[in-house]
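Asker:
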Amino acid sequence: MVTPADELRCELARAGVRSGDEVIVPSYDVCETAHVVLSVGAEPVFADIDPVTFCLSAASVEGAMTERTAAVVAVHTFGHPADLAALGDVSRRHRVPVLGHGLEAEPTAAIARRRAHAQYLTARLKGVRTPCAQRAAEHGYQKYVVRVPGNGRPDRDAFARALRARGVDCRAPLPTPVHRSAAFRRELWLAETERACDESLELPLAAEMTRRELQRVVSACNALGGLLQPAG
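In case it helps, numbering that gives the first Met the number 0 puts the sequence shown at residues 0 to 231.
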């Protein structure tokens, strides 16, 4: 069975990435992408994300370019497509390919149902910042990730504990940036990545969820809304 990591490894090989090259990747991601880059002999270079989409920021990618840059891996985060148009402009200026990665092949009906569920939650949740798709982007909502406003990680973690006490399964989707992990530690500050790791919370969203289950999530979250400043 061909895995997403296998597919990315093949894409890097087809792009001509070789030992000693650099490949720009997001740090707001699982470590697998960076490990795949290492597996072909290249060095992962971490760039920051867009605060709305959680995907690579074109401006940060441009700032991370060097003479050794051989490719950019644009991870489609949580089902939101990366901005391949903006990244493509950067890639053409530097003559470096952009490889999209992370969108799952799924039945259309399941995606449509998740989008409908996401619309329901977004219209009703209070006290959190709900996800917002870029114009013309087709968000698949593989994960429904909100931001908990307030004092970063302490408030997010307290909010999560309170939700779990009310029977809502929730978690920090990516609690540690890849560039702060043991295998890839870098002396690097990526402001939006750090903020996303501190504020983000994944709420349950599955195609098979019922309206009653969705309303339970809304009720639990909104009951805690007074603990935090309302979302702007």
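By construction, the Cβ of each residue, glycine as well, lies at the ideal position given by its N, Cα and C atoms.
#1: Is the stretch 47-55 close to the stretch 189-198, with three or more CB pairs under 8 Å?
#2: Cutting at 8 Å between CB atoms, please list the residues of its own chain near G151, excluding the five before and the five after it.
#3: At the level of alpha carbons, what is the spacing between A85 and Q118?
#4: Grab me the residues of V167's own chain with a C-beta within less than 6 Å of its C-beta, minus the 5 sequence neighbours each way, in chain order.
#5: What distance in whole Å lies between the Cβ atoms of R113 and G139, which are believed to be in contact at a cut-off of 8 Å?
#6: Look up L202 in the DSSP assignment and say whether it is helix, strand or coil.
#7: What is the residue span of the beta strand (DSSP E) that T129 lies within?
#8: With a threshold of 6 Å on Cβ separation, who are the neighbours of L7 within its own chain once the five nearest residues in sequence on each side are excluded?
#9: Where C9 and A111 are concerned, what is the direct C-alpha to C-alpha distance, given to the nearest angstrom?
#10: Could you work out which residue in V74, T76, R211 and M0 is closest to H116 when comparing CA atoms only?
#11: Can you tell me where the beta strand (DSSP E) with T68 in it begins and where it stops?
Answerer: Result, derived from the coordinates:
#1: yes
#2: R194, D197 and E198
#3: 26 Å
#4: V216 and A219
#5: 7 Å
#6: strand
#7: Here T129 belongs to no beta strand (DSSP E), and DSSP marks it neither H nor E.
#8: V35 and H100
#9: 30 Å
#10: R211
#11: T68 to V74
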